[in-house]
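Undergrad: In our numbering, the protein residues as written are -7 to 97.
Note that the Cβ used here is the ideal one computed from N, Cα and C, for glycine as well.
Below is one structure. I have some questions about it.
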Amino acid sequence: FSLLAFLPAFWLYHLCWKFYNKAALELKRILKVAGSPVYDHFNSLCRESAVSIVRAHHQVDRECQLNCRLVRDKQQPEYSIMYVEMWFTLCVETLGCLLVFSVSL
């Protein structure tokens, strides 16, 4: 009887994993794309005498605000990844509980 419970459960685990895997890969790609402007901005400030030029033209506040905005935009996909992982964990735990319940009958 437990085999009857395991086969649909494995199929449901597989479906959840496929859905999660597609979303996780896409979010990781978006995370890398979102991180590029942050690294580019930091790299442009580190070149030669860019920091001195920013200070000379009194643009430190503007550059700090730009950096904060870029970092904030970079963090949004990280939160989405966290939510997708939480969703997958919830699905796996729910399926596990249903499997244990069906086997215990």
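#1: Could you compute how far the alpha carbon of LEU(-4) sits from the alpha carbon of TRP3?
#2: Could you check whether VAL30 and LEU62 sit closer than 7 angstroms to each other, using their CB atoms as the reference points?
#3: Label LEU19 either buried or exposed according to how many other C-beta atoms from any shown protein chain fall within 10 Å of its C-beta, with 16 as the threshold for buried.
#4: Where does the unbroken alpha helix (DSSP H) through GLU40 begin, and where does it stop?
#5: In or out: PRO0 buried (at least 16 other Cβ within 10 Å) or exposed?
#6: Runs of 3 residues minimum, wholly inside the region 55 to 82: which ones carry the beta strand (DSSP E) assignment?
TA: Inspection of the coordinates gives the following:
#1: So the two alpha carbons sit approximately 12 angstroms from each other.
#2: It is a contact, given that the beta carbons lie within the stated cut-off.
#3: That one is buried.
#4: No alpha helix (DSSP H) holds GLU40; DSSP gives it neither H nor E.
#5: Counting other Cβ atoms within 10 Å of its Cβ, PRO0 stays below 16 and is therefore classed as exposed.
#6: Taking only runs of at least 3 residues, no beta strand (DSSP E) segment lies wholly in the region 55 to 82.
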